[in-house]
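The opening position of the sequence shown corresponds to residue 14 in our numbering, with each subsequent residue numbered one higher.
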Amino acid sequence: MTGAGSLLPLRSRLRELRPAAFGADPAGERLERIRRSPNFADGVFQNPEGARTRPSGSMVEFAKIYFEKEQRALRAPVGNIPVHATTLADLAKPPATGLRLTWMGHSSVLAEIDGRRVLFDPVWGERCSPFAFAGPKRLHPVPVPLASLGPVDVVVISHDHYDHLDLPTIRGLVGTGTVFAVPLGVGAHLEHWGVPADRIHELDWNESTKVNGLSLTATPARHFCGRGLRNQQHTLWASWVVAGPEHRIYHSGDTGYFDGFKDIGAEHGPFDATMIQIGAYSEFWPDIHMTPAEGMRAHLDLQRGRPHGVMLPIHWGTFNLAPHPWAEPGEGTMAAAAATGAGIALPIPGAPFEPTSENVPTAPWWRPVAPTPPGGWPVHAREPAKAGEQETAPVVS
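Written as structure tokens, this is what we have:
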């Protein structure tokens with residue numbers, strides 16, 4: 014019979030065999046801080062509103078939808094996704110308005126705000142997976158090499174899922190000297206991968222930190238966490254508010270819709286721009302990801318109920334993570350903007366734009382490379398919109 018003493022070395026050996034991408038579990042003072050969090054109860058972090066974090070309904074039905082041949086064909090582009098060709102040259106010029114966003118694909122956004130540079134959820138890896146040989150593969154190249162991106166003041170991570178926290182990318186950033194702002198518990202992964210502890214700002218919800226004149230606040234989100242085979246719910250997930258002397262922006266991370274967006278807007282808004290998750294949604298996980306209509310509702314809540322600022326749709330276009338058609342999140346965002354009069358930005362990956370300028374991209378760039386839906390592309394009626402205060406351009410299919 015094996016004794017407890019002989020199990021410990023075996024557990025240690027098994028832990029050493031875990032892929033490095035799994036990261037590390039919080040321990041010591043970090044774990045004690047987690048246990049003291051008002052958002053931690055019954056051994057796990059809790060959502061601001063109840064949420065099912067596992068797929069609901071029949072997995073047989075989900076498999077039928079996910080693997081059905083005709084539906085699979087709609088979930089990928091039919092041509093090469095366009096990527097902006099002059100990103101580095103464009104970024105070399107300072108933004109005229111003091112605020113510029115560059116969507117790199119999925120949830121990765123470079124924000125230049127009041128003379129500082131913030132990199133949200135950077136994923137430069139080929140797959141959002143712990144393994145190089147399996148898992149969702151990117152559908153377009155990253156617009157610029159990470160090594161060419163230039164200095165970044167702070168890297169902001171929303172949570173520790175593979176499509177938001179990427180080991181190769183973090184290792185590529187370690188040598189740059191940048192600091193990291195992350196939700197409570199996520200610092201354990203970063204330290205495991207070589208980020209010095211004094212370069213990690215680890216925050217609970219509604220806590221703030223200052224970096225080079227910017228205020229960064231971790232705000233609530235409705236999601237979950239986990240990288241390894243065991244999901245201990247010991248790392249927090251968050252949305253983020255970044256405020257400079259002149260501008261303020263919001264990044265949703267991954268989240269289901271919840272009434273807390275109104276509270277965030279009342280406390281920190283309105284925003285010059287919001288970056289809102291509108292992709293990888295499904296009726297099988299309705300509590301933890303938003304549809305485009307829900308994303309627009311969140312945007313308006315954050316703007317205190319009026320169509321101020323510009324909404325940049327994120328978490329779509331780069332990886333195939335859900336049953337919906339590849340182009341559906343973009344089309345849904347256009348429809349939601351037309352219905353509400355809100356301003357949106359629809360840049361191709363890598364195309365910098367200034368949310369408070371008069372030239373915000375609003376054309377459906379994905380249509381030439383997307384499967385055409387039955388009946389053709391819809392025409393989204395023009396609605397008067399003042400996105401800080403600018404109108405969305407008319408779109409005609």
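Think of the CB as a built atom: it goes at the ideal place given N, C-alpha and C, for glycine as much as any other residue. Quick caveat: nothing in here was measured; it's all calculated off a predicted structure.
Between the options, which has its C-alpha nearest residue i's C-alpha?
i, options, result
"Phe144", "Asp179, Ala351, Gly356 and Ala352", "Asp179"
"Trp253", "Phe271, Cys238, Gly241 and Glu220", "Glu220"
"His119", "Leu203, Ile94 and Ala40", "Ile94"
"Ile361", "Ala355, Arg310 and Trp379", "Trp379"
"Arg317", "Asp272, Gly292, Tyr294 and Pro336", "Asp272"
"Val169", "Trp298, Arg212, Met324 and Ala383", "Arg212"
"Thr182", "Glu367, Ala201 and Leu162", "Leu162"
"Phe53", "Ala124, Gly278 and Pro196", "Pro196"
"Pro299", "Pro336, Gly207, Ala358 and Trp250", "Pro336"
"Ser121", "Thr110, Pro108 and Val157", "Val157"
"Pro320", "Phe297, Glu344 and Pro283", "Pro283"
"Glu367", "Arg310, Met309 and Ala109", "Ala109"
"Leu227", "Val167, Gly278, Val187 and Ser171", "Val167"
"Val417", "Pro386, Arg310, Pro365 and Pro384", "Because the chain is modelled from 14 through 410, residue 417 falls outside the range shown and cannot be assessed."
What number of angstroms, rounded off, separates the C-alpha of residue i from the C-alpha of residue j?
i, j, result
"His393", "Pro338", "18 Å"
"Leu229", "Ala194", "8 Å"
"Arg261", "Trp218", "18 Å"
"Asp103", "Lys275", "35 Å"
"Thr100", "Leu112", "16 Å"
"Lys106", "Gly363", "15 Å"
"Asp285", "Glu204", "33 Å"
"His177", "Gly266", "8 Å"
"Ser410", "Pro326", "At Ser410, the pLDDT of 24 sits below 50, so the modelled position is not reliable and the matter cannot be decided from this model."
"Arg240", "Ala350", "35 Å"
"Met303", "Thr268", "7 Å"
"Val131", "Thr189", "14 Å"
"Glu45", "Val382", "50 Å"
"Gly185", "Ala234", "28 Å"
"Ala376", "Pro209", "43 Å"
"Met347", "Asp127", "29 Å"
"Arg38", "Trp390", "Here residue 38 is Asp; the residue named in the question, Arg, does not match the sequence. So the two alpha carbons sit approximately 47 Å from each other."
"Pro154", "Val192", "26 Å"
"Ser369", "Arg151", "Going by the sequence as given, residue 369 is Thr instead of Ser. Using only the alpha carbons, I get a separation of about 30 Å."
"Gly207", "Gly36", "11 Å"
"Ala340", "Ala40", "42 Å"
"Thr231", "Ala251", "As written in the sequence, residue 231 is Ala, which differs from the Thr given in the question. Cα-Cα distance, rounded: 6 Å."
"Tyr175", "Leu216", "20 Å"
Can you have a look at residue i and say buried or exposed, based on whether 16 or more other CB atoms are within 10 angstroms of its CB?
i, result
"Arg85", "exposed"
"Gly388", "exposed"
"Val408", "Only weak support is given to the placement of Val408: the predicted model assigns it a pLDDT of 29, under 50, and the question is left unresolved by the model."
"Glu307", "buried"
"Val91", "exposed"
"Ser295", "buried"
"Arg67", "exposed"
"Glu259", "exposed"
"Gly257", "buried"
"Phe146", "exposed"
"Ala225", "According to the sequence displayed, residue 225 carries Asn and not Ala. Asn225 comes out exposed."
"Ser69", "exposed"
"Thr353", "buried"
"Ala358", "buried"
Where does residue i fall in DSSP's three states?
i, result
"Ala145", "coil"
"Arg49", "helix"
"His302", "coil"
"His202", "helix"
"Leu27", "Model confidence at Leu27 stands at a pLDDT of 47, short of 50, so the residue's coordinates are unreliable; what they give is reported in the following sentence. Looking at Leu27 - three-state DSSP - the assignment turns out to be helix."
"Lys223", "strand"
"Pro258", "coil"
"Ile291", "coil"
"His312", "helix"
"Leu162", "coil"
"Val373", "coil"
"Thr191", "coil"
"Gly118", "strand"
"Glu66", "Note that residue 66 is Thr in the sequence shown, not Glu. Coil, per DSSP."
"Lys106", "coil"
"Arg319", "coil"
"Arg380", "helix"
Going along the chain, which residues of its own chain have a beta-carbon closer than 6 Å to the beta-carbon of residue i, five neighbours each way excluded?
i, result
"His214", "Ala194 and Thr222"
"His264", "Phe133, Trp253 and Met288"
"Thr248", "Asp173, Gly198, Val199 and Cys238"
"Pro32", "Pro143"
"Leu123", "Thr115 and Leu132"
"His281", "Val254"
Suppose the cutoff is 7 Å on Cβ atoms and the five residues either side in sequence are ignored; what does the same chain contact list for residue i look like?
i, result
"Pro149", "Arg140, Cys141, Ser142, Phe332, Asn333 and Leu334"
"Gln403", "The predicted model places Gln403 with a pLDDT of 36, which falls under 50 and marks its position as unreliable, so this point remains unresolved."
"Leu27", "Summary for Leu27: the model assigns pLDDT 47, below 50, so the residue's position carries little reliability; its value from the coordinates is reported in the next sentence. The answer is none, since no qualifying residue turns up."
"Pro342", "Ile291, Gly292, Pro305, Pro326 and Trp329"
"Met117", "Leu123, Val155, Pro156, Pro362 and Gly363"
Grab me the residues of residue i's own chain with a C-beta within less than 8 Å of its C-beta, minus the 5 sequence neighbours each way, in chain order.
i, result
"Ile301", "Ala64, Arg65, Thr66, Arg235, His236, Phe237, Asp267, Thr268 and Gly269"
"Ala201", "Gly36, Ala37, Asp38, Pro39, Ala40, Arg43 and Thr248"
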